[in-house]
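In full-length UniProt numbering, the protein residues as written are 1 to 318.
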């Protein structure tokens, strides 16, 4: 066999291989949960998010990097296996009032810029993990243990989410934070938990007693205010009544004074008689004339009480 035929055969084989490679690397498919970045000689060109069959230049000219579009979860500080939860040493943190707590959380995140995710960091998920650790430790370190263990969890979650979002924007690795959820915040051992529970129960009892005392105080204050208002209202009524009585007395006095100025003697006798009627009601009054006679008074009242006798009939009246 001649050398030319050998070269021709090798060329045909290489061309066939290249044709096969071109056929198999000129198309790709995307699921609804995927997105892709087209790389031309290693340079990111475009991002494809539509699902279905797509075509591109064959390898090695262009290649495809597929990434997930769905929301992902990052578990910080714990691992779950066979339904059991195992905490890592990373969960130990110091609060703002210098107490040790164990804190773990879950971060919901997704890839929103595939180009940055692929090229701005060697391992974006490791960057996210480290940023999550820094954010949680920073917020726990500025919070009190009471807030971390009781009613302050929601505020801590919000602060961690805000801080983590700002860090990921600063690192610019194409990741967006959707939600942060604290799983557990607890004390490191049973003795400390028991002591803290006792303190918490005592505080709750104190708050309950204080609320009951405040309620009793408000009740008594309202009752006292009601009694005060009633006394004030009654005093105002009596004041108004006495003022009106005084005005009436003044009017009567002025009228009597006017009558007195016009007829002093008559007015004096009238006032004397009216005063006697008020002071001695029902008293028998006699008119007396002491001139040395036997009869000292004229019995008017007995005569008024005697009934008059009927007149006798005469024959002329028939």
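Cβ atoms here follow ideal geometry from the backbone N, Cα and C, with glycine treated the same way.
For residue 236, the number of other beta carbons within 10 angstroms of its own is below 16, and it is reported as exposed. In the structure shown, the three-state DSSP call for residue 183 is strand. Counting only runs that start and end inside the segment 60–129, the alpha helix (DSSP H) elements of at least 4 residues fall at 114–119. Residue 35 counts as buried, since at least 16 other C-beta atoms from the protein chains shown sit within 10 angstroms of its C-beta. Apart from sequence neighbours up to five positions away, the residues of its chain that approach residue 30 with a beta-carbon distance below 6 Å are 36, 51, ordered along the chain.
Rounded to whole angstroms, the separation of the alpha carbons of residue 133 and residue 162 is 14 Å. The segment 235–289 contains no complete beta strand (DSSP E) run of 3 or more residues. In the structure shown, the three-state DSSP call for residue 132 is helix. In this structure, 157 is the residue among 157, 247, 17 with its C-alpha nearest to the C-alpha of residue 108.
Per the coordinates, the alpha-carbon of residue 90 lies some 58 Å from the alpha-carbon of residue 13. Under the three-state reduction of DSSP, residue 45 is assigned to strand. DSSP lists 111 as the bridge partner or partners of residue 175. For residue 73 and residue 67, the gap between their C-alpha atoms comes out near 15 Å. Assignment of residue 208 by DSSP, reduced to helix, strand and coil, places it in the helix class. With contacts defined by Cβ atoms closer than 8 Å, residue 177 and residue 124 do not form a contacting pair. Contact check for residue 78 against residue 181 fails: the beta carbons are separated by 8 Å or more.
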